[in-house]
Amino acid sequence: MSTTIDTKTVKANPRPAAEEAPAKSKGYWHGVGARLIRDPVSMICAGLLALLLGAVVFAPLLPLADPFTGSMVSRLKPIGTEGHILGTDELGRDMFARLIYGGRLTLMLGLLPVAFAFAIGTCLGVLAGYVGGWLNTAIMRTVDVFFAFPSILLAIAISGALGAGIVNSLVSLTIVFIPPITRVAESVTASVRSLEYVDAARISGAHPLTVVRVHVLGNVMSPIFVYATSLTSVSMILAAGLSFLGLGVKPPEPEWGLMLNTLRTAIYIDPVLAALPGAMIFLTSLCLNLLSDGLRSAMNIKD
Amino acid sequence: MLAYTLQRLLYVIPVAFGVSVICFMLVHIAPGDPLTAVMPIDATAEQQAAMRAEYGFDRPLPVQFAIWLTNALQGDLGASIATGRPVASEVSRAVGNTLILAFTASLIGFPLGIFFGFVAGIFKDTLIDRAVTAFAITGVSVPNYWLGIVLVVIFSVTLGWLPSMGAGPGGSTNWAWDYEHLRFIILPAVTLAVVPMGIVTRTVRALVGDILSQDFIGALKAKGLSRFGVLRHVVRNVTPTTLSVVGLQLGYLLGGSILIETVFNWPGTGFLLSNAIFQRDLPLLQGTILVLALFFVFANLIVDLLQPLVDPRIKRG
Amino acid sequence: MTDTRDADIPIRRKVQEKTKAADRGGPAQPLVIARDLKCHFPVRKGVFNRKATAVRAVDGVSFTVEKGETLGIVGESGCGKSTTARLLVGLTGLNAGDLIFDGDRLGEDLSLKELWDGVQMVFQDSYASLNPRLTIEETIAFGPKMRGVASGAARRLSHELLERVGLAPGRFAGRYPHELSGGQRQRVNIARSLAMKPRLVILDEAVSALDKSVEAQVLNLLKELKDEFGLTFVFISHDLNVVRYISDRIMVMYLGEVVEIGPVGSVWDKRAHPYTAALFAAMPSMDPDNRTEVPPLLGDPPNPIDPPSGCRFHTRCPFAESVCSAAKPKIVAVDGAQGHEAACHMLDPVSGHSKSAGGAHLEAAE
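Residue numbers (this note's numbering), protein chains in the order written: chain A, 1 to 303; chain B, 1001 to 1317; chain C, 2001 to 2366.
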């Protein structure tokens, strides 16, 4: 579709703003990092995400209740109950422990597909953009076909066909994110390819793969990476959405989307408790979006 | 412009073909036999083979695809494995409700998104801009299936103002544009509209801010053009990109309605899909996805055909 | 510090060793013979994206570059001079024609990789021509390393070359391109091309983007380096004064074709082709008495997709006659100057143009 402005406006940034020449030479990322650290919103989000990631990774080491054992007598205890700081779910399992353990799966299912798609899409897009010709046509027209599906529809279609399960969910979301990343990678690569330093590298007689590795990849990775970070929140919402529909993680595994689904019946009894897993998805996704925006402006990429 | 229109029209053919290939393959990437769901457990090998032949699953893939595509072009999307009814009639009954929901949501989301985007872009870096930006990023970040539940908790469970389930009083599935039915569409439509609204707001804000900072705007102001006159120039520059983004978001409305319809028991394609998923009714899944994807392809086609009306560069190009 | 043996050898000798060894054709053999070079870029049009037509960027260009000379190429933007430059380094593929480098035909006796051993290029845009993620030193050392030079030696070479182009290695080697000024970046560009020990350097608008004072410095540096390293230059610019200053011979291009070529002094004085005359007349003069006499060029050059018939300049030429749109002018010698040729009916006695030598006889006879 020729209407995908959001992927086409991402441009390579071959001319980092010529600033006052510093006494000591600093790399590009140094400046980006310095700008990012000065942005309080990004730092708060990064802090919250780091905290969440830490809790999620080290969950087994934390003094948490067992997220799988419940008790029928202590079902749907409200927030603040003694022993269950965030209450219990519909099967009497500790909500706090389940939210932490649930974050493991949700974050993994949200972030891994983008990481995989980043790797695959960058390869495809750089190949298409650098080599051009019929290879470009073949890759980009295939991408166009996948673009004809709204992302949620494609995720549900593939997941629905493959059936529920963590691996299937990873596969379908990876397929969903390969086309947009490929498109961005292709357009950025094509613009870098036309720059004269790539010509200069070519006439040094270097192997094309070396030219790509040294002169193209380094200059296309950051815009592609920033674009990929902007997909993480969508990916996580989609991953949880698949589980919410019964297409992702299967019970009794704790996962935010699935927890939101199983707690739906409890909205009449304890609405705040029932909304907790969704609130976690929302907050995480908000932090991911804000951090991605911060990164984008720190790298001087206009949207 | 005629060449552009023709080119755009012809371009739909390979894309629609590719979409149908993908939809066809959905059944074949599924693990196991697509007939498992309906095959009796004690079926003999002969019975299994006979059944496979009946559904055409014993032919080579390209032949199966050719048959399937020919049938699909004639409006035959096969029979639902779970109900035995034709998929086409199931989908056509549901797709109307989905379109009503998507249409209502677009009436809410797009005008508001464009309005907020303009306001934020014009008052860039003021308190108004910051408030709108915060609102927009919240809209973009919210998982709408959760937002739906939250709205139900507030407006149905707590306040009791609006119904939380279905598309009409008494489980009615026949839509009518009257007060009784409209009460049912408010919550799902608002829920569905939030994400596109956030995206449109962000896009328009960036575009307006960008154009206002360009030199030619300064020249127009220096020339003594009124504020309204300047705004007219901004609108003309913002429209083409906004139209494209709106076109893309139409797809979101069609796709996003799947989860929303599940939350609100809205009798549309999303509801149909979630049933198909639970019963592993692959022909139904395939047919629904195909119809929705084709709707998206044609929605984008219409947006692209409208582009020359708002973008003089295409007309001349 | 320990390896002083290598550093003691003057850098120019190290470069020349390679150069000498590579000179195979002898001094009489032109370094480059370009014969009827053509480069057409397809333009896709219509509903089915067919290759309907082509931009004839370079359309039958022939010239030679002698060893040790500087050939200047001038012309309006879009005349094909930059495409010619890219053809000479093999960055753009030829559609037709032969490129013979020191007696070896590209594609037959010579691979692209071998061509790049002898030809390097200095690019116009000093921003886009340096990789923003590499330090200056890494940029210069990249080429030699790709040729198998050990990284320590490549690094030393880059420092020597930086020194030679007037950038103190201690201050500049570790810097990134955005920390340099335009003139400094262009010096790095020159050092990078020299690191490949070329025999021919193509300079495509290499000084055009620089301030006038910096431009003069870089031009003088180029002249010095040319003598020191025994280089041959093809120097492309739209600035006639710069080309006059640095070139031995000058070639004027119009719409993908050569209209005039010859020794710089002769071309400057005679301006045999009306396009050359108009181009030179459009140059601002410092002397108020030296007013423009020849009418300056009007309008833009015609579209290279569909160039005018006959002489391509006839649509803008004040002397155009019917023969000009009917027949393509032959390249003929401009009398009184050795090696000075131009493609104009007025110079061809048998063309039938009323102002040609033959036509003048006719007029006189009347």
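Virtual Cβ for every residue (Gly too), placed ideally from N, Cα, C. Only a predicted model underlies this, so the values are computations on that prediction, with no experimental measurement involved.
Counting only runs that start and end inside the stretch 208 to 272 of chain A, the alpha helix (DSSP H) elements of at least 4 residues fall at 208 to 211, 218 to 244 and 256 to 262. Among the bridge pairs identified by DSSP, residue 2038(C) is matched with 2059(C) and 2096(C).
In the DSSP assignment, residue 118(A) falls within the alpha helix (DSSP H) that extends over 95 to 131. Here residue 2196(C) carries a coil assignment [DSSP, helix/strand/coil]. Contact note: residue 1018(B) reaches chain A through 141, 142, 144, 145, 146 and 148, using a C-beta cutoff of 9 angstroms and chain order. Neighbourhood of residue 2123(C) in chain A, by CB distance below 9 angstroms: 196, 197, 199 and 200, in chain order.
Assignment of residue 2120(C) by DSSP, reduced to helix, strand and coil, places it in the strand class. As a beta-bridge residue in DSSP terms, residue 2249(C) pairs with 2071(C) and 2263(C). The three-state reading of DSSP puts residue 1086(B) in strand, counting E and B together.
The DSSP-derived three-state label of residue 2235(C) is strand. Annotation: residue 1236(B) to residue 1214(B) spans about 14 angstroms, alpha carbon to alpha carbon.
Residue pairing of residue 2341(C) in beta bridges, as defined by DSSP: 2261(C) and 2333(C). Those residues of the stretch 1104 to 1138 of chain B placed with their C-beta closer than 8 angstroms to a C-beta in chain A are 1137 and 1138, ordered along the chain. Look at residue 279(A): its C-beta is under 9 angstroms from a C-beta on chain B. When C-beta distances to chain B are compared with 7 angstroms, the residues of the stretch 246 to 273 of chain A below that value are 246, 247, 260, 264, 267, 268 and 271, in chain order. Any Cβ of chain A closer than 9 angstroms to the Cβ of residue 2089(C) would place that residue at the interface, and such an atom is present. Counting along the chain, the unbroken alpha helix (DSSP H) around residue 2274(C) starts and ends at 2274 to 2281. For residue 1262(B), the three-state secondary structure derived from DSSP is helix. Under the criterion of beta carbons closer than 8 angstroms, residue 1079(B) and residue 1283(B) qualify as touching, at roughly 7 angstroms. Its Cα nearest to that of residue 1207(B), the residue 1117(B) stands out among 1189(B), 1117(B) and 1311(B). Between residue 1143(B) and residue 237(A), the C-beta gap is smaller than 9 angstroms, which places the two residues in contact.
In the structure shown, the three-state DSSP call for residue 2202(C) is strand. For the stretch 38 to 53 of chain A, no residue has a beta-carbon sitting nearer than 9 angstroms to a beta-carbon of chain C. Burial is judged here by how many other beta carbons sit within 10 angstroms of a residue's own beta carbon; residue 268(A) has fewer than 16 and is exposed. Look at residue 2043(C) here: in three-state DSSP terms it is strand.
By DSSP's assignment, residue 1094(B) forms no beta bridge with any residue. Among the residues of chain B, those whose CB is under 9 angstroms from the CB of residue 233(A) are 1140 and 1141, following chain order.
Remark: C-beta atoms of residue 1077(B) and residue 1088(B) approach each other more closely than 9 angstroms.
Per DSSP, residue 2178(C) is not a residue of any alpha helix (DSSP H), being assigned neither H nor E. Put simply, of 2349(C), 2353(C) and 2337(C) the residue whose alpha carbon is nearest the alpha carbon of residue 2323(C) is 2353(C).
Bounds of the alpha helix (DSSP H) holding residue 1307(B) are 1282 to 1310. In this structure, residue 2231(C) sits away from residue 2107(C), with a CB-CB distance that is not shorter than 9 angstroms.
Here the alpha carbons of residue 2125(C) and residue 199(A) stand approximately 12 angstroms from one another. DSSP places residue 2142(C) inside the alpha helix (DSSP H), whose first and last residues are 2136 to 2146. Under DSSP, residue 2104(C) shares a beta bridge with 2101(C).
Between the stretch 168 to 184 of chain A and the stretch 143 to 150 of chain A, the count of Cβ pairs shorter than 8 angstroms is three or higher; the stretches touch.
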